[in-house]
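Enquirer:
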Amino acid sequence: MSTDVFLYVQHLLGIGHLRRASLLAKAMNKKGLNVLFVTGGRPVPNLDVGEVELCQLPPLHAADDSFKVLMNIENQVVDDSWKEKRKDILLQKFNEADPKMLLLEMFPFGRRQMRFELDPLISLAKEKGIPIVTSIRDILTTHKTPGKGEWIIDRVKKDIDHVLVHGDSSFIPLEASFPLADQLADKISYTGYVVESDTGNLACSTEQERSPRHGVLVSAGGGAVAQPLAEAVLHAKELSKLKDVPWRLLLGNNLPEEDFKAITDRAPKGMTVERNRPDFQRLLKASQLSISQAGYNTVLEILTTSTPAIVVPFSADTQSEQTARAEKLEKLGALKVISEKLLSPTYLAQAIDAMVGDATTGHPVNKVDIRMNGAENSANIVYKMIQAQNTRESNARG
1 MSTDVFLYVQ
11 HLLGIGHLRR
21 ASLLAKAMNK
31 KGLNVLFVTG
41 GRPVPNLDVG
51 EVELCQLPPL
61 HAADDSFKVL
71 MNIENQVVDD
81 SWKEKRKDIL
91 LQKFNEADPK
101 MLLLEMFPFG
111 RRQMRFELDP
121 LISLAKEKGI
131 PIVTSIRDIL
141 TTHKTPGKGE
151 WIIDRVKKDI
161 DHVLVHGDSS
171 FIPLEASFPL
181 ADQLADKISY
191 TGYVVESDTG
201 NLACSTEQER
211 SPRHGVLVSA
221 GGGAVAQPLA
231 EAVLHAKELS
241 KLKDVPWRLL
251 LGNNLPEEDF
261 KAITDRAPKG
271 MTVERNRPDF
281 QRLLKASQLS
291 ISQAGYNTVL
301 EILTTSTPAI
311 VVPFSADTQS
321 EQTARAEKLE
331 KLGALKVISE
341 KLLSPTYLAQ
351 AIDAMVGDAT
361 TGHPVNKVDI
371 RMNGAENSAN
381 IVYKMIQAQN
391 TRESNARG
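Last residue of the sequence shown: 398 in the numbering used here, with the numbers rising by one and none dropped.
Right, here's the structure in full:
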């Protein structure tokens, strides 16, 4: 079967990009498109891509949250020779697939570290005359380097046919984080937010639906920067009004095994420590309180399940995306924000107590009216673009 969409995704630290891309891939597949999902980050156990074909490139990840140093699966810094070999593998996969569309995640709005393979990939796609689309979240990382915004605009105008913004312009317009976005207005589509729409993943038994929410669910996303939140949670439990309910701490697979074991060994009574689970949304829906970072996927799952939540946005270096989204939602009464700089066991326990009141009435969660059908809308846009491409090719053949 011929490939319709060649989907390229490179996660460097967390796994949010990968999870969002997997939802897009499944939505496109449901629309009848044949998708090749090409991922270049560390393998993620239990990644659900449905019936979509997954292609794993030699894994690459960022050494730390500066994203400046790239390392291979053996935690060795990659050199030009390694990059050249991976580029050749990627281009070979692209030629073999002979797709009707190249769909990139983030580039050129991000992932400039990957130009060693993305520049040749884009050139090859342009030679084949197929549309090139990029997929970005609602908020971009702040660009402090002079001329970076202008460089992005130039690359999009030159190389990208369309930009899918996975957000809602009435909630957070792209201009809020990327002021030059108005120069790309003719190429941008707001798809709505991309969140799991399969209600089966949220299904509870009738008995569970009648039961009140119970327990605290703590999640640290991909896990590579989970340590500060995990440390605070280990001590905050016994200081809070919820010390006697069950706590579950989920840690990502990027957290080294020795760190995972150290946290597990120090967990207080009544706290279960596990790696990330595929039934996260079900656990979230059953919990009386969620404590987490404020990544795109986690925040949307909090909103979808109407779970009372405390979020601690990741804010290292120029990473302002989580903070901007979380503060906007806090103003709307959807969750409580704690700055990473203020995070401590005592402060977290006080926030927990304020959220739960007397631990019986719970904390009311305000509903937020934003579009959350981003995966379906993205698939529809891609489908129409490929249909138009097929028509052009048919007309060219006469």
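Where is the CB? At the ideal position from N, CA and C, for every residue including glycine.
With distance defined between alpha-carbon atoms, name the residue in Gly40, Thr3 and Asn72 nearest to Glu53.
Expert: Closest by alpha carbon: Thr3.
Enquirer: Quick check: what's the CA-CA separation for Asp198 versus Gln350?
Expert: Because the pLDDT of Asp198 is 46, which lies under 50, any placement of that residue in the model is unreliable, and the question is left without a value.
Enquirer: Going by the CB atoms, is the gap between Ala286 and Gly215 shorter than 9 Å?
Expert: Yes, these two residues count as a Cβ contact at 9 Å.
Enquirer: Using DSSP's beta-bridge definition, name the partner residues of Thr134.
Expert: DSSP, once it has assigned bridges, lists Leu104 and Val163 as partnering Thr134.
Enquirer: Considering only the alpha carbon of each residue, which of Thr39, Leu104, Tyr190 and Ser219 lies closest to Asn297?
Expert: Taking only the C-alpha atoms, the option nearest Asn297 is Ser219.
Enquirer: Just to confirm the assignment, what range does the beta strand (DSSP E) spanning Val233 have?
Expert: Not the beta strand (DSSP E): Val233 falls in the alpha helix (DSSP H), residues Gln227 to Ala236.
Enquirer: Count the C-beta pairs between the stretch 48-63 and the stretch 16-33 that are closer than 8 Å, then say yes if the count reaches three, no if not.
Expert: These segments touch.
Enquirer: In or out: Trp151 buried (at least 16 other Cβ within 10 Å) or exposed?
Expert: When all chains shown are included, Trp151 counts as exposed.
Enquirer: Can you look up Thr272 in the DSSP assignment and give me helix, strand or coil?
Expert: Looking at Thr272 - three-state DSSP - the assignment turns out to be strand.
Enquirer: Output the boundary residues of the beta strand (DSSP E) element that contains Glu301.
Expert: Where Glu301 is concerned, there is no enclosing beta strand (DSSP E), although the alpha helix (DSSP H) it sits in stretches over Tyr296 to Thr305.
Enquirer: To the nearest angstrom, how far is the alpha carbon of Leu36 from that of Ala97?
Expert: For Leu36 and Ala97, the distance between alpha carbons rounds to 8 Å.
Enquirer: Confirm, please, whether the CB-CB distance from Val233 to Ala375 is below 9 Å.
Expert: The answer is no: Cβ separation not under 9 Å.
Enquirer: Relative to the alpha-carbon of Pro120, which residue among Pro313, Gln92 and His235 has its alpha-carbon at the smallest distance?
Expert: The shortest Cα separation from Pro120 among Pro313, Gln92 and His235 belongs to Gln92.
Enquirer: Is the beta carbon of Pro313 less than 9 Å from the beta carbon of Val337?
Expert: Result yes, Cβ atoms of Pro313 and Val337 sit closer than 9 Å.
Enquirer: On the DSSP letters alone, give me the boundaries of the beta strand (DSSP E) that Val216 sits inside.
Expert: Residues Val216 to Ser219.
Enquirer: Pull up the CB-CB distance for Lys100 and Gln389, whole angstroms please, since I reckon it's below 8 Å.
Expert: Sure, about 5 Å apart at Cβ, within 8 Å.
Enquirer: Would you call the stretch 167-174 and the stretch 185-192 in contact, with 3 or more CB pairs under 8 Å?
Expert: Verdict: yes, contact present.
Enquirer: Taking DSSP as the reference, what is the three-state secondary structure of Val311?
Expert: The answer is strand: DSSP assigns Val311 an E or B state.
Enquirer: Using CA atoms only, rank isn't needed, just tell me which of Arg397, Ile386 and Ser394 is closest to Leu33.
Expert: With distances taken between Cα atoms, Leu33 lies closest to Ile386.
Enquirer: Can you give me the C-alpha to C-alpha distance between Lys187 and Lys243, rounded to a whole angstrom?
Expert: About 51 Å.
Enquirer: Between which two residues does the alpha helix (DSSP H) carrying Met385 extend?
Expert: Taken as a continuous stretch (DSSP letters only), the alpha helix (DSSP H) holding Met385 covers Gly374 to Arg397.
Enquirer: By Cβ distance, which residues of its chain are closer than 7 Å to Glu330, with the 5 residues on each side in sequence left out?
Expert: Taken in chain order, the residues that qualify are Lys336 and Val337.
Enquirer: Return yes when the Cβ of Pro108 is within less than 9 Å of the Cβ of Leu239, no when it is not.
Expert: No, the Cβ-Cβ distance between Leu239 and Pro108 is not below 9 Å.
Enquirer: Any contact of the stretch 73-89 with the stretch 134-141, i.e. 3+ C-beta pairs under 8 Å?
Expert: No, because fewer than three Cβ pairs between the stretch 73-89 and the stretch 134-141 fall closer than 8 Å, the two stretches do not touch.
Enquirer: Which residue comes first and which comes last in the alpha helix (DSSP H) that contains Gln10?
Expert: Element bounds for Gln10: n/a, residue is neither H nor E.
Enquirer: Determine, using beta carbons only, whether Gln10 and Lys68 come nearer to each other than 9 Å.
Expert: The answer is no: Cβ separation not under 9 Å.
Enquirer: Does DSSP classify Ile291 as helix, strand or coil?
Expert: Strand.
Enquirer: With distance defined between alpha-carbon atoms, name the residue in Lys158, Leu250 and Ser135 nearest to Tyr8.
Expert: If we check each option's Cα against that of Tyr8, Ser135 comes out closest.
Enquirer: Give the range of the beta strand (DSSP E) segment to which Phe37 is assigned.
Expert: Val35 to Thr39 is the span of the beta strand (DSSP E), which, as asked, contains Phe37.
Enquirer: Helix or strand or just coil, what does DSSP make of Ser81?
Expert: Residue state, collapsed to three classes: helix.
Enquirer: May I ask you to report which of helix, strand or coil DSSP gives Arg19?
Expert: Arg19 falls in the helix class under three-state DSSP.
Enquirer: Measuring CB to CB, does Leu416 end up less than 9 Å from Arg86?
Expert: An answer regarding residue 416 cannot be provided, because it is not within the stretch 1 to 398 covered by the chain.
Enquirer: I'd like to check one pair, Leu217 with Arg248: are the Cβ atoms closer than 9 Å?
Expert: Yes.
Enquirer: For Tyr347, which of helix, strand or coil comes out of DSSP?
Expert: Correct three-state label for Tyr347: helix.
Enquirer: How is the alpha helix (DSSP H) around Leu342 delimited, first residue to last?
Expert: No alpha helix (DSSP H) contains Leu342, which DSSP labels as neither H nor E.
Enquirer: When DSSP labels each residue in this structure, what does Ala267 get in the three-state scheme?
Expert: Note: Ala267 maps to coil in three-state DSSP.
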